[in-house]
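Structure first, commentary second.
In this note's numbering, the protein residues as written are 805 to 1052.
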């Protein structure tokens, strides 16, 4: 009789120090972020000196590599969507005597949207900046939605941002998993980016002072109204590009 597969040892943090070598191919530069499924590090390829991002999955969150396979296949399917980070390859290390899979992706310059907003005067964007932020998000998600896919986990700690001229460059990270893509998932993405827009302008504290055009987009954050008005990110993008301003 064969023995049942052993449960993976629970790991809640890797805490790789700067300079640690991984798989004899990468050197740790520093921790970029930590989440439910694992940790992301900035690493340097030993052979080329090129900086990359490497996501290490906690074994209890990646049984039989299901989580890794989901992300790798979804990122490959959406590889032509420029708002997503490009998946490059994968590798494996031994940690506490068990195999740990990690995903290697491009390293993107910038900072998390949450940190970026904290550095702004009053912790928020101007209306002009906020509209550019929303347009960049809508434009980036439009291609994802056109492929009948969705992100599912849009918040200020899952967006890397860098200011460029009057606009922004953005990359989305940590997509939600284990749910079949539906029209409802797509509409929830739109609700999420409208909520991010609302929060980036100061949230409830400043909402009443915004022009009516802004309040019309936010719809008081009522999900049913937002979903009825903007069924996809593409519809929101088109609305922003054609809306008429009475006061700004």
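By construction, the Cβ of each residue, glycine as well, lies at the ideal position given by its N, Cα and C atoms. Fair warning: this is a prediction, and the values are worked out from it, not measured in the lab.
Interface flag, residue i vs chain D, CB-CB below 8 Å
{"i": "residue 1014", "result": "Annotation note: the requested chain D is absent from the structure, which comprises a single protein chain."}
Between the CA atoms of residue j and residue i - distance to the nearest angstrom
{"i": "residue 872", "j": "residue 940", "result": "28 Å"}
{"i": "residue 843", "j": "residue 852", "result": "23 Å"}
{"i": "residue 828", "j": "residue 898", "result": "12 Å"}
{"i": "residue 972", "j": "residue 868", "result": "38 Å"}
{"i": "residue 874", "j": "residue 906", "result": "13 Å"}
{"i": "residue 930", "j": "residue 831", "result": "40 Å"}
{"i": "residue 1024", "j": "residue 1047", "result": "18 Å"}
{"i": "residue 1019", "j": "residue 1012", "result": "8 Å"}
{"i": "residue 1042", "j": "residue 968", "result": "22 Å"}
{"i": "residue 848", "j": "residue 825", "result": "9 Å"}
{"i": "residue 870", "j": "residue 900", "result": "20 Å"}
{"i": "residue 812", "j": "residue 970", "result": "48 Å"}
{"i": "residue 854", "j": "residue 908", "result": "12 Å"}
{"i": "residue 902", "j": "residue 1037", "result": "42 Å"}
{"i": "residue 836", "j": "residue 878", "result": "22 Å"}
{"i": "residue 915", "j": "residue 947", "result": "23 Å"}
Residue burial classification, residue i (beta-carbon count within 10 angstroms, cutoff 16)
{"i": "residue 857", "result": "buried"}
{"i": "residue 990", "result": "buried"}
{"i": "residue 816", "result": "exposed"}
{"i": "residue 1021", "result": "buried"}
{"i": "residue 1026", "result": "exposed"}
{"i": "residue 866", "result": "buried"}
{"i": "residue 984", "result": "exposed"}
{"i": "residue 887", "result": "buried"}
{"i": "residue 1009", "result": "exposed"}
Cutoff 6 Å; reference residue i; Cβ partners in own chain excluding five residues on either side
{"i": "residue 1007", "result": "none"}
{"i": "residue 814", "result": "864"}
{"i": "residue 818", "result": "843, 860"}
{"i": "residue 975", "result": "889, 912, 964"}
Cβ-Cβ separation, residue j to residue i (assumed contact under 8 Å), whole Å
{"i": "residue 942", "j": "residue 1040", "result": "4 Å"}
{"i": "residue 904", "j": "residue 861", "result": "7 Å"}
{"i": "residue 1004", "j": "residue 921", "result": "6 Å"}
{"i": "residue 979", "j": "residue 1014", "result": "That belief does not hold up - the Cβ atoms of residue 979 and residue 1014 are roughly 30 Å apart, past 8 Å."}
{"i": "residue 840", "j": "residue 820", "result": "The pair is not a contact, with the Cβ atoms about 18 Å apart (cut-off 8 Å)."}
{"i": "residue 996", "j": "residue 958", "result": "4 Å"}
Beta-carbon contacts of residue i that lie in its chain and below 8 Å, excluding the five residues immediately before and after
{"i": "residue 1035", "result": "987, 990, 991, 994"}
{"i": "residue 910", "result": "856, 857, 889, 890, 892"}
{"i": "residue 1049", "result": "1015, 1017"}
{"i": "residue 838", "result": "817, 844"}
{"i": "residue 850", "result": "825, 828, 829, 830, 831"}
Contacts around residue i, its chain only, beta-carbon distance under 7 Å, and the 5 residues preceding and following it disregarded
{"i": "residue 977", "result": "889, 962, 964"}
{"i": "residue 913", "result": "966"}
{"i": "residue 917", "result": "960, 963, 965"}
{"i": "residue 822", "result": "832, 833, 834"}
_Sufficient close CB pairs (3 or more, under 8 Å) joining the segment 889-901 to the segment 920-940_ = No, because fewer than three Cβ pairs between the segment 889-901 and the segment 920-940 fall closer than 8 Å, the two stretches do not touch.
*Quick one: any contact between the segment 874-883 and the segment 946-953, if contact means 3 or more CB pairs under 8 Å?*
yes
_Across the segment 1028-1040 and the segment 918-928, are there enough close Cβ pairs to call them in contact, namely three or more that are closer than 8 Å?_
no
*Can we say the segment 992-1007 touches the segment 959-969, given the rule of at least three CB pairs closer than 8 Å?*
Segment contact: the segment 992-1007 against the segment 959-969, three or more CB-CB distances shorter than 8 Å; contact assigned.
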